[in-house]
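As you go down the protein sequences, you meet chains A and B in turn.
So for the first sequence, UniProt numbering puts the first residue at 1; every next one is plus one.
So for the second sequence, UniProt numbering puts the first residue at 1; every next one is plus one.
For every residue, glycine included, the Cβ atom is placed at its ideal position computed from N, Cα and C.
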Amino acid sequence: MLRFKEPFERRSKGGWPVISGTEKFSHNLPQEKILVFIRGSSKRELSQKRGLATTFFNVQKCTLTTKRWLEPSGGLNNDMEYFLQQLINGVTLGSIYGLIAIGYTMVYGIIGMINFAHGDIFMVGAFISLILIVALGVTASMPLALLILALIAILIVSMALTSVWGWTVERIAYRPLRGSFRLAPLITAIGASIVLQNFVQISQGARNKPLQPLIPGGFTLSDGSGDSGFVVQLSYSQILIIVVTTVLMIGFTTLINKTSLGRAQRSCEQDRKMASLLGINVDRTISLTFVMGASLASVAGLMFLIYYGVIDFYIGFLAGVKAFTAAVLGGIGSLPGAMLGGLLIGLIETFWSGYFSVEYKDVAAFSILAIVLIFMPEGLLGKPEVEKV
Amino acid sequence: MSASQPLLDVRNVETHYGKIIALRGVDLTVNEGEIVTLIGANGAGKSTLMMTICGSPQASSGSIFYDGEDITRLPTHLIMRKSIAQSPEGRRIFPRMSVLENLIMGAETAGNKDVEESLKKAYDLFPRLKERRNQRGGTLSGGEQQMLAIARALMSKPRLLLLDEPSLGLAPLIVKQIFDAIRDLNRTDGLTVFLVEQNAYHALKLAHRGYVMVNGKITMSGTGKELLARDDVKAAYLEGGGH
Ligand SMILES: Nc1ncnc2c1ncn2[C@@H]1O[C@H](COP(=O)(O)OP(=O)(O)O)[C@@H](O)[C@H]1O
Ligand SMILES: [Mg+2]
């Protein structure tokens, strides 16, 4: 849901820049996702503003709530409904961050490098999905089974393409620099990131790319009849994101902990030389790590697209920085840490912007990161250094 | 393959670390079924030879044949899939894997279909590992780690086992246990062993043949008994030894 504080400032949810430019944007925003908060001192003022809001958004059905937003005194909103809605939004956002964070943490774990080009893989994943959705004419009016099938097919193609990109970048930009000074692959990573961003900007244009909602609707958990008058919704797209993320994370954790490939991955992470002495193809394992990270990021890309309905060439940078923060918060190199960190960053950001101010949500997220790192330098679930052999 | 052909044949191998030379033309053979030991002072180049056989680092000149095949330029992981296994210097146990997982890693790429059987053998050889099978490798004692390193190397059912200083830093009782295990493996399974040791007395007693390395070159060779009897060997490597 998008939330607008009066007087219809262009707001974004959970920190994602969604709207820019001055055009009316009703054509690219799902109506049921718009929630406008109006504050007024008299009934008359409120009804005036309500009228303005409906005109401004050019929608009939937009949900208006005239009840408290932030009290003029700045007091906190303590409605249960409001809290619940923030929780739902935070978990959704956290899921997306978590999926991206896994790629950072695994690559760091195995070659000790921050893959700065990873956020852009997420962005490219979103773009590939968008292009395929438009090309295949996938819309919400399709039969549900067909829609699901189409989305799965799109996801597979998108994962395959981003995997190829992840693999290629490792091959040409990082591998030749392995064993060189530590900063070298970092610089090529930033280069790879710029290349990808600019390529998308030039080939797809710099403007926002909107998408009609593919999975509209949802459950109304509270219809606004409560004290707060606040409508709590759990949209189908949120359910989809949370379910897909959970399934993927369980599957991926199992892959890493129980399978041969996972053992190879972990062995390379702990001692590459020893892994090769046991017949493990280290180069191939590193490549596969990039491929796995890229696949998960492209899933996050599709989820983001479905959820927010608008993407641009720059979303990878913002999401990348957040997901990287999540990975560090959880303990870089730790898989459960990345998931936990993602969830926490999503929640912190959402709650901060829900209760305090949207402007400072990033400050909040980074401050909490700094505080955690002061007391737990390895991150929340990081590995104790003592075990290094 | 002719019976006279050595299982491992190192010919005039030189190895460099950057510009520094570590091996200066090493010749050495290990025949099937033998225990061969390489002794030498710290920094002589013993571990370097061990690792050069495994292709990491690769020899800068000379050649290495395994079972008649030139493996000098093969990447490490392909060499290690040829029934060669190494328990390296410093043991290199995966610290955040359980004992069981460390063992399974040993069998991962060897095409060993019967992992269960190999596991059972490993536990029979070192019952202590069975007790500790769910403990993380990083939390084992030095002796247990050494047992695990050897057991892990054996998981691939190798023909040639390379052992780099298995006695380093261990109590005499555990050293004896480990050396007994090596002797048993050689006698009952016909395992070929190439053993690098600073503990020269025990190593030469155990081995059929031995080599002495000084500053990257082989300076002496002979049967274990011959070397043990030589005054220069005694003076250089057995002073205060003989325990
Ligand atoms: N990774 C390395 N980089 C540079 N020099 C090394 C490296 N490993 C060993 N050396 C050098 O090579 C020589 C032989 O070392 P090594 O093979 O470890 O001897 P040993 O096992 O007999 O004690 C030593 O001078 C050592 O300093
Ligand atoms: Mg050594």
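Quiz prompt | Cβ pair count under 8 Å reaching 3, the region 54-61 of chain B against the region 32-44 of chain B | solution = Judged by Cβ distances under 8 Å, the region 54-61 of chain B makes no contact with the region 32-44 of chain B, as fewer than three pairs qualify.
Practice problem: Give a yes or no on whether the minimum CB-CB distance between S287/A and chain B is below 8 Å. | Solution: Chain B, which has no Cβ nearer than 8 Å to the Cβ of S287/A, makes this no.
Quiz item: With C-beta atoms as the reference, is P210/A less than 8 Å away from V134/A?
Solution: Cβ distance not < 8 Å, so P210/A and V134/A don't count as in contact.
Self-check item: Extent of the continuous beta strand (DSSP E) run through H16/B
Solution: Boundaries of the beta strand (DSSP E) harbouring H16/B: 8-17, taken from the DSSP string.
Quiz item: Is K258/A helix, strand or coil by DSSP?
Solution: Residue state, collapsed to three classes: helix.
Quiz item: Are three or more beta carbon pairs between the region 311-331 of chain A and the region 92-100 of chain A nearer than 8 Å?
Solution: Counting C-beta pairs with one atom in each stretch, the region 311-331 of chain A and the region 92-100 of chain A have three or more that are closer than 8 Å, which means they touch.
Self-check item: Y308/A, enclosing alpha helix (DSSP H) - first and last residue
Solution: Looking at the DSSP string, the run of the alpha helix (DSSP H) that includes Y308/A is 282-308.
Practice problem: Between the Cα of G171/A and those of N257/A, A189/A, A160/A, spot the shortest distance and give me the residue it belongs to. | Solution: In the sequence on display, residue 171/A carries Arg and not Gly. Comparing Cα positions, the closest option is A189/A.
Practice problem: Under 6 Å Cβ to Cβ from L214/A, same chain only, skipping five residues before and after it: list those, please. | Solution: Once the five neighbours on either side are set aside, the close Cβ partners of L214/A are A140, I306.
Quiz item: Would you say S61/B faces chain A, with C-beta separation under 8 Å as the test?
Solution: So no, S61/B is outside the interface.
Quiz prompt | DSSP beta-bridge partners of P210/A | solution = DSSP lists V310/A as the bridge partner or partners of P210/A.
Self-check item: Boundaries (first-last residue) of the beta strand (DSSP E) holding Y66/B
Solution: Looking at the DSSP string, the run of the beta strand (DSSP E) that includes Y66/B is 61-66.
Practice problem: Give the C-beta separation of A207/B and I53/B to the nearest angstrom, bearing in mind that I take them to be a contact with Cβ-Cβ under 8 Å. | Solution: That belief does not hold up - the Cβ atoms of A207/B and I53/B are roughly 17 Å apart, past 8 Å.
Quiz item: When you compare only the Cα positions, how much space is there between T76/B and R209/B?
Solution: Across the structure, T76/B and R209/B are spaced so that their CA atoms are roughly 27 Å apart.
Self-check item: Within chain A, the residues that S56/B reaches when beta carbons sit closer than 9 Å
Solution: Ordered by position in chain A, the residues that pass the 9 Å Cβ test against S56/B are K273, S276, L277.
Practice problem: Out of F219/A, S158/A, T92/A, state which residue places its alpha-carbon closest to the alpha-carbon of S298/A. | Solution: Ranked by Cα distance from S298/A, the options F219/A, S158/A, T92/A are led by S158/A.
Practice problem: Assuming G216/B contacts L23/B (C-beta within less than 8 Å), just tell me the rounded distance between them. | Solution: Sure, about 5 Å apart at Cβ, within 8 Å.
Quiz item: Does the Cβ of R266/A have 16 or more other Cβ atoms within 10 Å, making it buried, or fewer, making it exposed?
Solution: For R266/A, the number of other beta carbons within 10 angstroms of its own is at least 16, and it is reported as buried.
Exercise. Indicate whether at least one CB of chain B lies closer than 8 Å to the CB of V195/A.
Key: Under the Cβ distance rule, V195/A does not count among the residues neighbouring chain B, no pair being separated by less than 8 Å.
Quiz item: So, does the CB of P88/B fall closer than 8 Å to a CB anywhere in chain A?
Solution: At least one CB atom of chain A sits nearer than 8 Å to the CB of P88/B.
Practice problem: Run down chain A in chain order and give the residues with a C-beta less than 7 Å from the C-beta of G106/B. | Solution: Those are L278, listed as they occur along chain A.
Quiz item: When the cut-off is 8 Å and only beta carbons count, does S260/A lie next to chain B?
Solution: Yes, S260/A lies at the interface with chain B (some Cβ there is under 8 Å from its Cβ).
Quiz item: Does K24/A have its Cβ less than 8 Å from a Cβ in chain B?
Solution: A caution first: K24/A carries a pLDDT of 32, below 50, which makes its placement in the model unreliable, though a value can still be read off. No, K24/A does not count as interfacial toward chain B.
Exercise. Using the Cα positions of L163/B and L195/B, report the straight-line distance between them to the nearest angstrom.
Key: Annotation: L163/B to L195/B spans about 5 Å, alpha carbon to alpha carbon.
Practice problem: Using a Cβ-Cβ cut-off of 8 Å, state whether H16/B counts as contacting chain A. | Solution: Taking CB atoms only, H16/B has no neighbour in chain A less than 8 Å away.
Quiz item: Going by other Cβ atoms of all chains shown within 10 Å of its Cβ, with 16 needed for buried, is V247/A buried or exposed?
Solution: With fewer than 16 Cβ atoms within 10 Å of its Cβ, V247/A is classed as exposed.
Self-check item: S295/A: CB within 7 Å of a non-hydrogen atom of ligand 2
Solution: No - ligand 2 has no heavy atom lying nearer than 7 Å to the Cβ of S295/A.
Exercise. Decide if the region 80-96 of chain B is in contact with the region 134-150 of chain B; the criterion is three or more beta carbon pairs, one per stretch, under 8 Å apart.
Key: They touch, by the three-pair rule.
Practice problem: Please list, in chain order, all residues with a C-beta atom less than 7 Å from at least one heavy atom of ligand 2. | Solution: By the rule of a C-beta closer than 7 Å to any heavy atom of ligand 2, the residues picked out are K46/B, S47/B, E89/B, D164/B, E165/B, V196/B.
Practice problem: Give the single residue among Q86/A, G382/A, Q204/A whose Cα lies nearest to the Cα of F230/A. | Solution: The option with the nearest alpha carbon to F230/A is Q86/A.
Self-check item: Contact between the region 140-160 of chain B and the region 107-126 of chain B (3+ Cβ pairs under 8 Å)
Solution: Touching, yes, given that three or more Cβ pairs across the two stretches are closer than 8 Å.
Quiz prompt | In chain order, each beta strand (DSSP E) run of at least 3 residues that lies wholly inside the region 25-90 of chain B | solution = Taking only runs of at least 3 residues, the beta strand (DSSP E) segments lying wholly in the region 25-90 of chain B are 35-40, 61-66, 84-87.
Exercise. Below 8 Å on the Cβ atoms is my guess for N102/B versus L148/B; work out the distance and round it to an integer in Å.
Key: About 6 Å separates the CB atoms of N102/B and L148/B; that is less than 8 Å, so the two are in contact.
Quiz prompt | DSSP three-state assignment for A22/B, whether helix, strand or coil | solution = DSSP places A22/B in strand when its eight states are reduced to three.
Quiz item: Checking contacts by CB at 8 Å: is G281/A closer than that to chain B?
Solution: In the sequence as presented, Gly is not what sits at residue 281/A; that position holds Asn. Flagged as an interface residue toward chain B: N281/A, by a C-beta distance shorter than 8 Å.
Exercise. Determine, using beta carbons only, whether Q86/A comes closer than 8 Å to chain B.
Key: Residue-level contact by beta carbon fails for Q86/A and chain B, as no gap is shorter than 8 Å.
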